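*Asks:* FYI, the numbering for the sequence shown is 12 to 329, going by this note's numbering. Cβ atoms here follow ideal geometry from the backbone N, Cα and C, with glycine treated the same way. These figures come from a predicted structure and were not determined experimentally. One structure is given below, represented as structure tokens, and several questions about it will come after.
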Amino acid sequence: MTPLPPTFDEIQRAAETIQGRLPVTPAWSYPTLDALAGCEVVVKHENAQPTGAFKVRGGLALAATLAPAQLAAGLITASTGNHAQSIAYAARLHGALATIVMPESAPVAKVTAVRLLGANVIMCGPTMSEAVAKAQELADLDGMTYVDPGNTPAIIAGHATVYLELLTQRPDLEAIFVPIGSGSGAAGACIVRDRVAPQCRIIGVQSSAAQAAYRSWRAGAIEVAPCLTRHSGLATGRGFELPQSVIATGLADFVLVDDAAISRAATELAHRAHTLAEGAGAAALAGLLHSAWRPSRAAVVCTGGNASAEEIAELGTP
Ligand SMILES: Cc1ncc(COP(=O)(O)O)c(C=O)c1O
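Below, the structure is given as structure tokens:
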């Protein structure tokens, strides 16, 4: 059964948990980026988190809600890398063991970072779907605490704190562009927006090479789709029930952009915003640049900066 989404109060409690453990990330505008987009663009710098991505908020928020016995059993999850680092980071802080099942497509640098955070890494299957199934199987076999990467309310509450922070920094935003893999971040954005800035539109962005969340949103039902994107944070092949239950009515729009457009947005962020973004972290900007609707003040969440060596080498000039 799909759990209920977090309440606004739970999101506020997650923010209290995170406060003091993570920085308040900057939200800056850059003149040449504004000129490119034709509007004020506020970049929310989640690339400045200690693990290089917003997902660390989810792991810390979740771990604070677990009973000592659940932590002592060890945590197990599946991830292409950023949620993995989040769970490994939170587990280490709480003295718990973490096991992360990662698809073979996961970037080497992310796998290495997860191992260096002290987690046990198991490589399994070509995509997240196989990795999720394996993590569930191992949790059942070994009694570890299974953490679903998208369907866990406390994780969504943690991710939602990005938007609580952003809308406190900039309550005047007309729109926030949010990259979507499972949709946990976008779901958190919608819940916060409903309470603190009802005028602000949340717009989802996904790679056209991995459209499962988009198709699920369009259909109003969970859909699968080929997962061929090279941008690992966006690499999901199936809609996630809990985030979909929120974004179904919460998103004002959902933009698809191709992988090349996402890579070009990463180059623009490097040159115009002094920012190293991985593909998933640049997808929100790609979505804004491809959106038919141009607000006068929009935020793009740079959700992660864990670019691979290939991504860095390919940045080039805009
Ligand atoms: C950098 C980055 N951006 C965006 C996403 C997508 O987030 P969500 O799964 O909450 O939709 C991820 C997911 O891992 C990510 O790592």
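1. Assuming the contact rule is C-beta atoms closer than 8 Å, F251 and N162 should be a hit. Round their C-beta distance to whole Å, please.
2. Would you say S97 and T62 are within 9 Å of each other, going by their C-beta atoms?
3. Give the secondary structure of H56 by DSSP, where H, G and I count as helix, E and B as strand, and everything else as coil.
4. When every heavy atom of ligand 1 is checked, does at least one fall within less than 8 Å of the C-beta of T163?
5. Are the beta-carbon atoms belonging to A291 and A186 less than 9 Å from one another?
6. Is it the case that the Cβ atoms of V125 and A146 are separated by a distance below 9 Å?
7. For ligand 1, is there a heavy atom less than 8 Å away from the beta-carbon of F65?
8. State buried or exposed for T182, treating a residue as buried only when at least 16 other CB atoms are found within 10 Å of its CB.
9. Let me check you understand the geometry: is the CB of L178 closer than 8 Å to at least one non-hydrogen atom of ligand 1?
10. Short check: CB of A102 to CB of A165, under 9 Å?
11. Do you know how far the Cα of L287 is from the Cα of A80?
12. Ends of the alpha helix (DSSP H) at G261?
13. What does the Cβ neighbour count give for R241, buried or exposed, with the cut at 16 atoms within 10 Å?
14. Out of A95, A46 and G154, which one is the CA nearest neighbour of P160?
15. Three or more beta-carbon pairs under 8 Å between the region 21–32 and the region 253–261, yes or no?
16. Can you say whether E1 is buried or exposed, counting buried as having 16 or more other CB atoms within 10 angstroms of its CB?
17. I need the straight-line Cα distance from C211 to A295, nearest angstrom please.
18. Where do the N-terminal and C-terminal ends of the alpha helix (DSSP H) with N93 fall, by residue?
19. Considering only heavy atoms of ligand 2, list every residue whose Cβ is less than 5 Å from one of them, following chain order.
20. Please report how far the alpha carbon of R308 lies from the alpha carbon of L184, in whole angstroms.
*Replies:* Considering the structure as presented:
1. 6 Å
2. yes
3. strand
4. no
5. no
6. No, they are not a contact pair.
7. yes
8. At residue 182 the sequence reads Pro, which differs from the Thr that was named. By the 10 Å Cβ count, P182 comes out exposed.
9. no
10. no
11. So the two alpha carbons sit approximately 39 Å from each other.
12. E252 to G261
13. R241 is classed as buried because its beta carbon has at least 16 other beta carbons within 10 Å across all chains shown.
14. A95
15. no
16. Because the chain is modelled from 12 through 329, residue 1 falls outside the range shown and cannot be assessed.
17. 15 Å
18. N93 to L104
19. As presented, the structure is devoid of ligand 2, carrying ligand 1 as its sole ligands.
20. Approximately 5 Å, taken between the alpha carbons.
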